[in-house]
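Each residue of the sequence shown is one higher than the one before, counting from 3 in the numbering used here. Note that CB positions come from ideal geometry on N, CA and C, so glycine has one too. Owing to the predicted nature of the structure, the values given are computational and were not obtained by experimental measurement. Here the structure is laid out as structure tokens; the discussion comes afterwards.
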Amino acid sequence: MGASNNIIAVDGPAASGKGTLARRLARHFGFAYLDSGRLYRAVALRCLKNGTGSDDEKACAAEAAAITEVDLDDPALRDEATGRLASRVAALPLVRRALVDYQRRFATHPPDGKGGAVIDGRDIGTVICPEAAVKLFITATVEERASRRYKELLGQGATAIYPAVLRDLRDRDARDTNRAVAPLARAEDALQIDTTSMDADAAFAAALRYAEKRLAPGTK
Ligand code: C5P
């Protein structure tokens, strides 16, 4: 299919609910969905497996260029250690550069003949797809996000300590917000949805109302 402007960019900090919302929007509109965090996690996992140091920018960029479908399916992508290292390698300009084309192509030429794409991440509305028809910025207080992440970990049978989860999220927020290249930021023209005291249904309803007005006519 040709270039598509049916792009929905969903940005926000870790555990803000952006992944759940993005998946739901993709299902609703029949769009392709890309969790861009998986790409950075895959770089981190390759670094862990191959002993590549996060201080060696060129080597990390080579890991980014070598990502395969197998890497993107690895259950260890979700590990806390992988997420922590992901936020370090994601600050490296050469790593980010290596991943730009894949994300842009996914947005403009969604796979499987889908009529649009939903991508979630940190810089989708600002750097990857500044032309996106719909931009959402999903937030929640760090305490609320830590509490969600903590419950999620317990639900998975993991051992977790709330203060440690909170500290980890604060560190990750600081790294994502303060890095020099493509920091976590709300695009000027993004709708901000604060999910601190909102359930997933209410966040979806707000996003849907906004998206329906901005997507190409005829989109479900
Ligand atoms: O969203 P998720 O927690 O899976 O992302 C892992 C890490 O990848 C984040 O902490 C962030 O540093 C980085 N990331 C990024 N830009 C994106 C998506 C994720 O820098 N578009």
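With a cutoff of 8 angstroms on beta-carbon distance, A160 and C131 are scored as not near each other.
I9 sits away from A209, with the two beta carbons spaced by 8 angstroms or more. Proximity of the beta carbon of A16 to ligand 1 is indicated: a heavy atom of the ligand is located closer than 7 angstroms. According to the DSSP assignment, V102 belongs to the alpha helix (DSSP H) that extends over 95-110.
For T22, same chain residues with a beta-carbon under 6 angstroms away, outside a window of 5 residues either side, are A202 in chain order.
Taking a cut-off of 8 angstroms for Cβ pairs, the stretch 42-50 and the stretch 145-156 do not touch, as fewer than three such pairs fall below it.
Runs of the beta strand (DSSP E) lying entirely within the stretch 34-84, each at least 3 residues long, are 34-37 in chain order. In this chain, the beta strand (DSSP E) harbouring K137 covers 136-141. Contact between the stretch 113-128 and the stretch 20-39 is present, with at least three C-beta pairs closer than 8 angstroms.
Remark: the C-beta of R177 is in contact range of ligand 1, defined as less than 7 angstroms to any heavy atom. A straight line joining the alpha-carbon of S38 with that of L101 spans about 9 angstroms. The beta carbon of D125 sits closer than 7 angstroms to at least one heavy atom of ligand 1.
Listed in chain order, the alpha helix (DSSP H) elements of length 4 or more contained wholly in the stretch 170-218 are 202-216. Under the criterion of beta carbons closer than 8 angstroms, A78 and V97 do not qualify as touching, at roughly 19 angstroms. Judged by DSSP secondary structure, G21 falls within the alpha helix (DSSP H) whose first and last residues are 20-31. DSSP places G157 inside the alpha helix (DSSP H), whose first and last residues are 144-157. When rounded, the separation of the alpha-carbon atoms in T54 and L87 is 11 angstroms.
In the DSSP annotation of this structure, G14 is not part of any beta strand (DSSP E), being labelled neither H nor E. At the C-beta level, T197 and A142 come within 8 angstroms of one another. In this model, Y152 and P15 are separated by some 16 angstroms (Cα to Cα).
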